[in-house]
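Mind the numbering: the sequence shown is residues 56 to 263 in my numbering, read in order. Built from N, CA and C at the ideal position, the CB exists for glycine as well. Encoded as structure tokens, the structure appears first; notes follow it.
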Amino acid sequence: LSDTIPLSRSALLPCSHRMCHPCLKRLFTLSITDPQHMPPTCCTSAPIPLKHVDRLFSTRFKIQWNKKYQEYTTANRIYCPNPGCGEWIRPEHISTPTIPPTAATASGAASGRQMAKCGRCKTRVCVSCNARWHGNTSDCPNDSETQRLTEIAKREGWQRCYNCRAMVELKEGCNHMTCRCKAQFCMLCGERWKGCSCPWFNYADVEE
């Protein structure tokens with residue numbers, strides 16, 4: 056903390072260090088766009104108490120931050136596959152469709168396939184493959200839209216996250232990718248990070 060900033064414009068964090076209000080604002084603003092910084096922490100990885108920023112942000116920002124906190128701290132997140140949407144689907148919008156026993160036997164739905172419904176555009180989504188809902192079939196089909204996306208991904212060098220099935224593009228940097236669901240994987244082969252033998256660009260000299 057700079058000597059030119061008065062104590063009244065800083066906060067005493069759990070680590071016993073002080074952080075100025077401008078830095079706190081930058082950190083919390085970053086956290087709503089980067090899951091790796093949610094929630095903001097001090098140098099001991101302890102979450103920064105919200106009381107320190109309560110008067111630094113508007114009500115609108117607080118509502119947005121609370122929504123992102125719920126999103127980023129939810130395990131196995133599902134996102135709407137609609138290209139014009141991409142909204143996070145809350146866990147309470149995920150259900151197991153009820154169908155007659157005879158239909159379940161015929162379609163293989165006894166496995167209890169779950170369906171999610173986007174709260175924004177109302178698109179129904181298969182939780183198993185994160186694609187549009189395709190009914191209670193035993194296997195997730197390779198629909199034409201998915202096939203086209205796969206062809207584009209192969210041509211452009213995109214990779215699909217093994218956890219949430221979202222398609223990820225790497226514009227620059229190393230092969231270590233952290234998805235918005237916090238899963239880490241290799242951009243070359245799609246395997247879990249450090250679970251393959253692909254070159255780790257920019258990581259060769261980093262100690263374990």
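Close beta carbons around residue i, own chain, < 8 Å, minus the five adjacent residues each side
i	result
Val223	Trp213, Gln214, Arg215, Cys216, Met232, Cys234 and Met242
Arg175	Cys135, Cys140 and Glu142
Selection from the options that minimises the alpha carbon distance to residue i
i	options	result
Pro90	Tyr127, Cys97 and Thr114	Tyr127
Glu211	Thr114, Met74, Leu225 and Glu142	Leu225
Asp109	Glu206, Gln202, Glu142 and Asn121	Asn121
Leu82	Ser71, His72 and Pro94	Pro94
Arg220	Leu79, Gly228, Ala208 and Cys229	Ala208
Asn191	Glu206, Arg175, Gln169 and Asn185	Gln169
Thr129	Pro77, Pro138, Asn185 and Pro146	Pro146
Residues that residue i bridges to, as DSSP identifies them
i	result
Cys75	Ser65
Met93	Note: Met93 sits in no beta bridge, so no partner.
Phe112	None, per the DSSP bridge assignment.
Met232	Phe240
Gln214	Val223
Rounded separation between residue i and residue j - CA only
i	j	result
Ser63	Gln125	30 Å
Leu111	Thr84	11 Å
Leu204	His72	48 Å
Thr114	Leu79	17 Å
Pro136	Lys249	28 Å
His189	Cys195	7 Å
Same chain, Cβ closer than 6 Å to residue i, five either side skipped, listed in chain order
i	result
Asn218	Cys236 and Ala238
Ile60	Cys75
Asn131	none
Cβ-based neighbour list, residue i, same chain, cut-off 7 Å, excluding 5 preceding and 5 following
i	result
Leu68	Met74, Cys97 and Ile103
Ala171	Ile133, Ile144, His148, Ile149, Val180 and Val182
Glu246	Phe240
Residue i at chain B interface by Cβ criterion, 8 Å
i	result
Pro152	The question asks about chain B, but that chain is absent: this structure has only one protein chain.
CB-CB length for residue i against residue j, believed under 8 Å
i	j	result
Cys140	Thr178	7 Å
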